[in-house]
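Comments concern the structure below.
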Amino acid sequence: MNAETPVLQVRDLVKHYSVGGGFFGRGRKQLRAVDGVSFSIGQGETLGLVGESGCGKSTVGKAVLRLVEPTSGHVSLEGEEITGLGSAALRGRRKRMQVIFQDPYSSLNPRMTAGEIVQEPLINFDIGSRAEQRDRVAMLFARVGLRPDQRANYPHEFSGGQRQRLGIARALALGPSGIIGYYQGAALDVSVQAQVINLMMDLQQEFGLSYLFVAHDLGVVEHISHRVAVMYLGKIVEIAARAALFETPRHPYTEALLAAVPVSHPRARRARTVLTGDVPSPINPPTGCRFHTRCPIAVARCRQEEPPLVVDASGHGVACHLRAATA
695 MNAETPVLQV RDLVKHYSVG GGFFGRGRKQ LRAVDGVSFS IGQGETLGLV GESGCGKSTV
755 GKAVLRLVEP TSGHVSLEGE EITGLGSAAL RGRRKRMQVI FQDPYSSLNP RMTAGEIVQE
815 PLINFDIGSR AEQRDRVAML FARVGLRPDQ RANYPHEFSG GQRQRLGIAR ALALGPSGII
875 GYYQGAALDV SVQAQVINLM MDLQQEFGLS YLFVAHDLGV VEHISHRVAV MYLGKIVEIA
935 ARAALFETPR HPYTEALLAA VPVSHPRARR ARTVLTGDVP SPINPPTGCR FHTRCPIAVA
995 RCRQEEPPLV VDASGHGVAC HLRAATA
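Number 734 in my numbering belongs to position 40 of the sequence shown; there are no gaps in the numbering.
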């Protein structure tokens, strides 16, 4: 892989689910969870993926990892197309792309000790002797801020923040080039959240890791990401460098998301963009721009014609008929 090859490149990724219907599949409908998503992530870069619940961002990560099979599209890992690989060939590539699951408790086997959990990937891929594996586990525990004696503990004996660290250690065990991180910090103390995020940033610098960071918390996304992609109803509606997106958002949906973020200063005020209506069903998305049913600036064209994602020379992309002229 040369320096210009993205660690992860996703092109026109689609994931539809068949739902409903009667016998023999009659009357089944298509739930368009992900409907044509494209992005790339360079070495040592973090792309934050944000949007409301149900927008498809979690499914994007699962489809990239092939935890669910994409309906169509292309995923390249370090320059190699992996969407068409069989299970045997794909197994060898999984070492290069790992995952930190959203729930740091249910993703840990309660019957295994913490040391066994982190050692398990090394055993599965037959990497090193048992002594070498134990040494690597000890190193990883120390690196993520866990004590060596905690290797004998079970998941229920750890705090929420410690379980997050344990999940990070497991993801690092195979020495991946990229990690897909599902962040769920709502159950953690704010100071613990900050410690975990700073740990991930330190590890990124140390190991040259690339992250696809899937989260709801825009404050955390702003802190950790180099670029941010905003999803709405299965599509990316805006993608830009962190500063550009947070300081000069172009898509009305992005503006509404940022307007809902609490400000830290008690006297500070932020212009509010109040969205009306509910998120449409991904089974029957609106024609034209999918956001037009809630958009405060929509015109007739928005209801008839779907806007493409137009990317300008700076890399700021927006899918909006009225804002693309500035892109």
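Glycine included, each C-beta is placed from N, C-alpha and C at the ideal position.
Distance between residue j and residue i (C-alpha atoms, nearest Å)
| i | j | result |
| --- | --- | --- |
| Phe901 | Thr970 | 45 Å |
| Gly809 | Ala846 | 6 Å |
| Thr740 | Val922 | 8 Å |
| Leu992 | Gly742 | Per the sequence shown, residue 992 should be read as Ala rather than Leu. Looking at the two C-alpha atoms, the distance is approximately 27 Å. |
| His1010 | Val931 | 11 Å |
| Asp883 | Gln856 | 12 Å |
| Arg837 | Gly854 | 18 Å |
| Arg722 | Arg805 | 40 Å |
| Ile821 | Thr807 | 19 Å |
| Gly780 | Pro815 | 20 Å |
| Ala994 | Leu1016 | 11 Å |
| Glu851 | Tyr905 | 28 Å |
| Arg841 | Leu860 | 11 Å |
| Ser823 | Met894 | 28 Å |
| Thr942 | Ser747 | 24 Å |
| Val812 | Ser919 | 26 Å |
| Gly786 | Glu772 | 13 Å |
| Phe835 | Ile933 | 35 Å |
| Asp843 | Tyr877 | 27 Å |
Exposure label - residue i; buried when at least 16 CB within 10 Å
| i | result |
| --- | --- |
| Glu774 | exposed |
| Ile873 | buried |
| Val704 | buried |
| Met833 | exposed |
| Gly714 | exposed |
| Ile977 | exposed |
| Ala909 | buried |
| Gln998 | exposed |
| Ser712 | exposed |
| Gln671 | Examination of residue 671 is not possible in this model, given that the chain is present from 695 through 1021 alone. |
| Thr948 | buried |
| Thr753 | buried |
| Ala825 | exposed |
| Arg720 | exposed |
| Ile817 | exposed |
| Gly750 | buried |
Close Cβ partners of residue i (< 7 Å) along its chain, the five nearest in sequence each way excluded
| i | result |
| --- | --- |
| Glu789 | For clarity, residue 789 is Lys in the given sequence; the question names Glu instead. Cβ within range, chain order: Phe819, Leu868 and Pro870. |
| Leu759 | Met791, Val793 and Ile874 |
| Thr765 | Val708, Lys709 and His710 |
| Gly913 | Val955 |
| Ala757 | Leu707, Lys709, Val728 and Pro764 |
| Leu952 | Leu912, Phe940 and Pro943 |
Same chain only: Cβ atoms within 6 Å of residue i, ignoring 5 sequence neighbours per side
| i | result |
| --- | --- |
| Ser1038 | Here the chain comprises residues numbered 695 to 1021, so residue 1038 is not present and cannot be evaluated. |
| Cys642 | Residue 642 lies beyond the residue range present for the chain, which begins at 695 and ends at 1021; the question has no answer from this structure. |
| Ala935 | Arg921 |
| Ala1013 | Val931, Pro1001 and Leu1003 |
| Leu939 | Val922 |
| Ala865 | Gln792, Ile794 and Ile873 |
| Ser770 | Gln703 |
Same chain, Cβ closer than 8 Å to residue i, neighbours up to 5 away in sequence not counted
| i | result |
| --- | --- |
| Pro974 | Leu927, Pro980, Arg984 and Thr987 |
| Leu903 | Gly738, Pro870, Ser871, Gly872, Ile873 and Leu897 |
| Leu784 | Arg760 and Ile776 |
Margin query: Measuring CB atoms only, is the stretch 723-735 touching the stretch 795-813, in the sense that at least three cross pairs come out at less than 8 Å?
Written below: no
- Message: List, from N- to C-terminal side, the beta strand (DSSP E) runs of 3 residues or more that fit wholly inside the stretch 695-752.
- Response: 702-713, 723-735 and 740-744
Enumerated in chain order, which unbroken segments of the beta strand (DSSP E) with a length of 3 residues or greater are wholly contained in the stretch 823-888?
872-876
Would you list, in sequence order, the uninterrupted beta strand (DSSP E) runs of no fewer than 3 residues that lie entirely inside the stretch 911-945? 921-926 and 929-935
Review point. Where in the stretch 757-809 do unbroken runs of the beta strand (DSSP E), each at least 3 residues long, occur, reported from the N-terminal end onward?
Key: 766-771 and 791-794
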